[in-house]
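Here is the structure we will look at.
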Amino acid sequence: MAAGLLALGVYVPDKVLSNKDLESFLDTSDEWITTRTGIRERRISAPSEYVSDLALKAANNLKERYGEEALADVDQVIVATNTPDAFFPNTAALVADQLGLKGAAGYDLLAGCPGWLYALSQAAGQVEAGIARKVLVIGSEVLTKIVDWRDRSTAVLFGDGAGAAVVGPVAEGHGFRSFVLGSDGSGGKTLHMAALASSLPDGTRMGPAIYMHGREVFKFAVRVMDTATVEAIEKAGLHPDQISLFVPHQANERIINAARERLNLDWDRVVMNLDRYGNTSTASIPIALAEALDAGKVHEGDNLLFVSFGAGLTWAATVLTWGGA
Ligand code: ACO
Numbered sequence: 002m003a004a005g006l007l008a009l010g011v012y013v014p015d016k017v018l019s020n021k022d023l024e025s026f027l028d029t030s031d032e033w034i035t036t037r038t039g040i041r042e043r044r045i046s047a048p049s050e051y052v053s054d055l056a057l058k059a060a061n062n063l064k065e066r067y068g069e070e071a072l073a074d075v076d077q078v079i080v081a082t083n084t085p086d087a088f089f090p091n092t093a094a095l096v097a098d099q100l101g102l103k104g105a106a107g108y109d110l111l112a113g114c115p116g117w118l119y120a121l122s123q124a125a126g127q128v129e130a131g132i133a134r135k136v137l138v139i140g141s142e143v144l145t146k147i148v149d150w151r152d153r154s155t156a157v158l159f160g161d162g163a164g165a166a167v168v169g170p171v172a173e174g175h176g177f178r179s180f181v182l183g184s185d186g187s188g189g190k191t192l193h194m195a196a197l198a199s200s201l202p203d204g205t206r207m208g209p210a211i212y213m214h215g216r217e218v219f220k221f222a223v224r225v226m227d228t229a230t231v232e233a234i235e236k237a238g239l240h241p242d243q244i245s246l247f248v249p250h251q252a253n254e255r256i257i258n259a260a261r262e263r264l265n266l267d268w269d270r271v272v273m274n275l276d277r278y279g280n281t282s283t284a285s286i287p288i289a290l291a292e293a294l295d296a297g298k299v300h301e302g303d304n305l306l307f308v309s310f311g312a313g314l315t316w317a318a319t320v321l322t323w324g325g326a
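Here the sequence shown is numbered in this note's numbering, starting from 2 and rising by one per residue.
Laid out in structure tokens, this is it:
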């Protein structure tokens, strides 16, 4: 049985924080942020708004778009996030309960920004194996609650948001054609934030907010965006020419451009919205994909390529043939 994406919904908070706003309290400039990253503004969750709230709103948006029946037969919920409400209960169980998905399995997945792609691979595998009928796969983040707002090297990059998708059976010839997943924990020292332990196994000290060595992560990102996309396309039995739409993790325009050039894709085959949302981590690809769908850029039979990288360090890429629901 093939597994693919059946429905998609998104949510971003109303509050907008522009680069100009950041200039008022950080030693930075709109010009620096725009030219180095491509980001112009980002969304900020309300003080009382957490990952489970955003996730629920994205799932409700999915129901508005596709109807209540879109969640019928969902027997598993996965929330990919780096900013869960609590160690436990897990966010997915909370969201499943609020959606009335009685008895559905629920768990959170922690794999940096590629978490949503990792979760798609789990969902697809379980649907194909007959373990799950349909899986609600959510990426949800409130990263603006864990940045140090005095640190200009990270505070300008992140935003909040959520995306929710239903993974289920699709007709043969459609659905997920390949997954590439990887991690390198030795790179953990370049991007971290403490939970219970105050240091990594290599002795690197961790603090209570995001720490990132931007230049090191940049080099890693350019390398894995290249190798993971090429491998995912090959595993899918395709050539880059056959990719209709490239939906990369929205972290940095220069990183996306390097991957675009390597794959020899025109900009009109690349989805970009980081100018308006910044890096929303696990939510960035579903939010970008929803915009592409709304703009009429995705058609039955199109081959879509997703790729992401992030804390871990981790990476993931997948090729999906759209449609077949
Ligand atoms: N405003 C003004 N100047 C700044 C800012 C800022 N916001 N941030 C850094 N600078 C300065 C630095 O202090 C440095 O100054 P110096 O030369 O006097 O020391 C200079 O700008 C250059 O700094 P770099 O870090 O070398 O700048 P770079 O071109 O590498 O851009 C950036 C930094 C945008 C962070 C880039 O490295 C990047 O995008 N890295 C990847 C980050 C990423 O995508 N992470 C995703 C994972 S997140 C997750 O998984 C949760």
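We put the beta carbon where it would ideally sit given N, CA and C, even for glycine.
Which one or two residues does DSSP pair with Asn-304 in a beta bridge?
As a working mapping, residue 304 is identified with position 303 in the sequence shown. Thr-322.
Using only alpha-carbon positions, find the residue among Glu-301, Leu-72, Asp-86 that is nearest to Glu-173.
On the sequence shown, residue 173 is found 172 positions in, with the first residue counted as 1. Closest by alpha carbon: Glu-301.
Cβ distance (whole Å) where Leu-158 is taken to contact Ile-234 below 8 Å:
Walking along the sequence shown from the start, residue 158 turns up at place 157. Walking along the sequence shown from the start, residue 234 turns up at place 233. At roughly 28 Å, the Cβ-Cβ gap does not stay under 8 Å, so Leu-158 and Ile-234 are not in contact.
Start-to-end residues for the alpha helix (DSSP H) that takes in Pro-392
The structure shown does not extend to residue 392, since the chain spans only 2 to 326, so no value can be given for it.
Asn-258 beta carbon near the ligand ACO (any heavy atom closer than 7 Å)
On the sequence shown, position 257 is the one that residue 258 refers to. No, since every heavy atom of the ligand ACO falls outside the 7 Å radius drawn around the Cβ of Asn-258.
What residue from Gly-215, Gly-279, Gly-186, Ala-326 has the CA that sits closest to Leu-314's CA?
In the sequence shown, residue 314 corresponds to position 313, counting from 1. The closest CA to that of Leu-314, considering only Gly-215, Gly-279, Gly-186, Ala-326, is found on Gly-186.
Can you tell me whether Ser-282 sits near the ligand ACO, meaning its C-beta is under 7 Å from at least one heavy atom of the ligand?
Here residue 282 corresponds to residue number 281 of the sequence shown, with the count starting at 1. Yes, the Cβ of Ser-282 comes within 7 Å of a heavy atom of the ligand ACO.
Quick check: the region 220 to 237 against the region 303 to 320, are there 3 or more CB pairs under 8 Å?
yes
Going by C-alpha distance, which of Asn-253, Arg-270, Leu-266 is nearest Tyr-278?
Taking the sequence shown and counting its residues from 1, the one referred to as residue 278 is at position 277. The shortest Cα separation from Tyr-278 among Asn-253, Arg-270, Leu-266 belongs to Asn-253.
Output the boundary residues of the alpha helix (DSSP H) element that contains Lys-220.
Residue mapping note: residue 220 aligns to position 219 of the sequence shown, counting from 1. Start and end: 215 to 236.
Sorry if obvious, but does the Cβ on Gly-311 come closer than 7 Å to a heavy atom of the ligand ACO?
Reading the sequence shown from its first residue, position 310 is the one you call residue 311. Yes, the ligand ACO has a heavy atom inside 7 Å of this Cβ.
Going by Cα to Cα distance, which pick from Ala-71, Glu-142, Pro-90 is closest to Ile-288?
Within the sequence shown, numbered from 1, the residue matching residue 288 stands at position 287. For Ile-288, the nearest C-alpha among the options comes from Glu-142.
Element boundaries [beta strand (DSSP E), containing Ala-4]:
Sequence index remark: in the sequence shown, residue 4 carries index 3 (1-based). Where Ala-4 is concerned, the enclosing beta strand (DSSP E) stretches over 3 to 12.
Among the residues of its own chain, which have a CB less than 8 Å from the CB of Glu-70, if the five just before and after it don't count?
By 1-based counting over the sequence shown, the position of residue 70 is 69. Cβ within range, chain order: n/a, list empty.
Taking the C-alpha atoms as reference points, what is the distance between Val-78 and Ala-120?
Here residue 78 is taken as the residue at index 77 of the sequence shown, counted from 1. Here residue 120 is taken as the residue at index 119 of the sequence shown, counted from 1. Those two C-alpha atoms are separated by around 10 Å.
Does the distance between the C-beta of Asn-253 and the nearest non-hydrogen atom of the ligand ACO fall short of 7 Å?
On the sequence shown, residue 253 is found 252 positions in, with the first residue counted as 1. Within the cutoff, so yes.
Beta carbon of Ala-222: closer than 7 Å to some heavy atom of the ligand ACO?
As a first step, residue 222 is located in the sequence shown; it is residue number 221 there, counting from the start. Ala-222: yes, Cβ under 7 Å from the ligand ACO.
For Ala-120, name the three-state secondary structure that DSSP assigns.
Here residue 120 refers to the residue found at position 119 of the sequence shown. Three-state DSSP puts Ala-120 in a helix.
Using the DSSP secondary-structure output, state which residues sit across from Val-181 in a beta bridge.
By one-based count along the sequence shown, residue 181 stands at place 180. Per DSSP, Ala-318.
Suppose you measure from the CA of Leu-305 to the CA of Phe-247; what does that come to, to the nearest Å?
Here residue 305 is taken as the residue at index 304 of the sequence shown, counted from 1. Here residue 247 is taken as the residue at index 246 of the sequence shown, counted from 1. Each residue's Cα considered, the two are about 6 Å apart.
Pairwise C-alpha distance: Gly-204 and Val-75
Numbered from its first residue, the sequence shown carries residue 75 at position 74. Numbered from its first residue, the sequence shown carries residue 204 at position 203. Approximately 43 Å, taken between the alpha carbons.
Candidates Leu-197, Cys-114, Gly-131, Val-168: closest to Pro-161 by CA position
Start at 1 with the first residue of the sequence shown, and residue 161 comes out as number 160. The question names Pro, yet the displayed sequence has Asp at residue 161. Ranking Leu-197, Cys-114, Gly-131, Val-168 by Cα distance to Asp-161 puts Cys-114 first.
Given 7 Å as the limit, tell me if Asn-83 has its C-beta closer than that to any heavy atom belonging to the ligand ACO.
Residue numbering aside, residue 83 sits at position 82 when the sequence shown is read from its first letter. Result yes, Cβ under 7 Å from the ligand ACO.
Counting pairs of Cβ atoms below 8 Å between the region 234 to 244 and the region 214 to 225, do you hit three or more?
Verdict: no, contact absent.
Going straight from the alpha carbon of Leu-201 to that of Tyr-108, what length do you get?
Residue mapping note: residue 201 aligns to position 200 of the sequence shown, counting from 1. Residue mapping note: residue 108 aligns to position 107 of the sequence shown, counting from 1. Taking the straight line from one Cα to the other gives about 25 Å.
One question on the structure: do Arg-43 and Leu-72 come within less than 8 Å of each other, judged by their Cβ atoms?
Translated into the one-based positions of the sequence shown, residue 43 becomes position 42. Translated into the one-based positions of the sequence shown, residue 72 becomes position 71. It is not a contact, given that the beta carbons lie outside the stated cut-off.
Could you please give me the residues that DSSP links to Asn-91 through a beta bridge?
Start at 1 with the first residue of the sequence shown, and residue 91 comes out as number 90. In the DSSP output, where bridge partners are listed per residue, Asn-91 has none listed.
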